[in-house]
Amino acid sequence: MFIPAIPQESTVSFHCHEGVSNLRYCPPNGTTLDDCLTDRIVNDPTSNSTLLSCQMDCKTEPWMWDTICNYWKVEKYCDPQNIPTDNRLRMTSFVPMNHIELVDNCLFFMLKSAELDSNNVPLYCPANTTDFRTSCQVKCNNSEIMEAVTQSKIPDSEAKGLYQFWLLFLFLILSWAGMAVVVSVGDAICFDMLGDRPHLYGNQRLWGSIGWGTFSLLAGFLVDHFSNGKASKDYTVVFYMTVIIIGVDILVSSKLKHTQTRLSTNILRDVSQIFASFKIVIFFCWCVLVGLGTALIWNFLFWHLEDLASLQEGCGHATWIKTLEGIVMSIQCFGGELPFFFLSGWILKKIGHIHAMSLVLLGFGVRFLLYSLLVDPWWVIPIEFMNGITFGLFYATMASYASIVAPPGTEATMQGLVGAVFEGVGVSLGSLLAGNLFFKIGGSKTFRWFGTGALILFVVHVVIQFVMDKLGSRGKKVDEKIANDSMLNRPITNGTTNNDIEVDCIISKDDSILSQATVQEVLDSPKSEDIEGKPKSDF
């Protein structure tokens, strides 16, 4: 909102010779006019009754004022003293929309008359005079015309030299850093406040999906409403919405009653300890792989749908493709994420975190292969219900598992680390890889490759977990911490046991963490000193 737009110009050529006057626009070398845009302009069904008005600001040579005086009959400019000091001609031209033609990738606007100094003048230049040819800045009363003739003054290759680029770069870093902190700390506080009911995390997180879906629809409607009649979208209302929502968020957050009672004396040491477990390493690899697939959906699904729509209906898809994309986002939120966040606790208790991870990979594989088979983009609608598995169940599994394996006092750090691995590594790499594949092989093949890869990784993940279980691990799985009914009804204590369940961590005499978030067999003694030296259990 506070970053000035990159300078743009709407420059056309004005030609007047042999009794014919026109404006013409030819795109810069190496570029072409958008086919669908020019089709809407040239074949406008209302063109017979629509008059295009364009304000023109043109450079002139001294001799041109003689033509304006003698042939356009504007006597005012017969006197050199009346010629503008900046030597520019300003007038308003009128063009019937059905007098616009597309010739050799150039738009021609056949002029009949213009208004100059409140007088209607004929734009007549005889054949025996020098060609009246100059460049003009124009502002027309048609948004599609303006979209066609407007281009940036700065080539893309020089964008990095603009201060606007670096301001946007800085603000993006700050906003994403802030969002990462809010998400990781928010998840940690949520799990801490839930206490012995971590299975209810999804019931809290689903409100994020409701907010996302609701405000996405509202923001889209408001942007379209306030952009009506403008050459480009006006996003100002979105920034005002953001300020209001953040204000409400700060007010609500300040009312939360939460105090962190468990603190880590050495966060770096405690967090690094968990990487001694091979299952934790597998978990982080899984987060990266899911990030790769998520990037493909976030950044390229709509692109793929628009390509399919263009192939199916040509330029006619422009009338409904944004409606379809809005429906897709609504189903992703309300039909996919919301129910799976709500059911995530029950699902994790039934099948466990490990099997949930495998199910997410399977979901990505099936979803991507279905995308690759699409011909009619409207068939994407039933596929979007799978977003419940590939994001709703995934996110609940990721956050829950990270909370369980986090050493006491490092919960927020663990959530931040997991988020960094998922988005900072997985989504970033996925965006880069998918972008290159889209450019080289197209959307359908890209989704097919990603889908095949996800199914292969699903099989690999299942096999690895099966082999690890067969080899045997000391202690039961992390999921038993949630599945065991006693964990849902008794308070969690740190470094102690409740009957046969040991939770959080066991501290040896030298303060090293021997076991984290494990459920062990019946212990002979609840004292941690008595089990000092026992080998760590794998997660």
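Counting with UniProt numbering, you get residues 1 to 539 for the letters of the sequence shown. Yeah, the Cβ is synthetic: ideal placement off N, Cα and C, and Gly gets one too.
Rounded straight-line distance, which links the Cα of R197 to that of R269: 28 Å
Helix, strand or coil for E9, going by three-state DSSP, please let me know. strand
Does residue 543 pass the burial test, meaning 16 or more other C-beta atoms within 10 Å, or should it be called exposed? This structure leaves residue 543 out entirely; the chain is present only between 1 and 539.
CB L362 to CB L455, shorter than 9 Å? yes
N-terminal and C-terminal residue of the alpha helix (DSSP H) that Q465 is part of: G443 to L471
So, helix, strand or coil for T38, using DSSP? helix
Assuming F450 and G293 form a contact by the criterion Cβ under 8 Å, report the distance between their Cβ atoms to the nearest whole angstrom. 6 Å
Which value, in whole angstroms, describes the spacing of the CA atoms of D34 and L52? 20 Å
Supposed contact pair L370 and R448 - C-beta distance, whole angstroms, cut 8 Å: Contact doesn't hold; Cβ gap of about 10 Å is too wide.
With which residues is D57 paired in a DSSP beta bridge? R90 and Q137
Boundaries (first-last residue) of the beta strand (DSSP E) holding N70: Premise fails: N70 lies in the alpha helix (DSSP H), M64 to N70, not in any beta strand (DSSP E).
Minimum length 4: unbroken alpha helix (DSSP H) runs contained in the region 156–204: 163–194
Would you tell me roughly how many angstroms separate the C-alpha atoms of N141 and E147, rounded to the nearest one? 11 Å
Report buried or exposed for P45, applying the criterion of at least 16 other Cβ atoms within 10 angstroms of its Cβ. exposed
Proximity to T323 [Cα-Cα], best of H199, L256, P377 and L23: P377
Close beta carbons around V281, own chain, < 7 Å, minus the five adjacent residues each side: F275
From the DSSP output, read off the bridge partner residues of E101. F108
In the DSSP assignment, what residue or residues form a beta bridge with Y25? L107
Taking I3 as the reference, give the member of L162, R367 and Y77 with the closest Cα. L162
Considering only their Cβ atoms, is the gap separating C333 from I210 smaller than 9 Å? yes
Contact check, Y201 vs A396 under 8 Å by CB: the rounded distance? 6 Å
DSSP on P4, reduced to helix/strand/coil? coil
Considering only their Cβ atoms, is the gap separating C58 from N70 smaller than 9 Å? no
Give me the Cα-Cα distance between A188 and E384, rounded to the nearest whole angstrom. 29 Å
For F132: DSSP bridge partner residues: C16
In chain order, what residues of the same chain have a beta carbon less than 7 Å from the beta carbon of G365, not counting five sequence neighbours either side? G451, A454, L455 and F458
What do you reckon, are the CB atoms on V12 and V138 nearer than 9 Å? yes
The region 328–343 / the region 435–444 touching (three or more Cβ pairs under 8 Å): no
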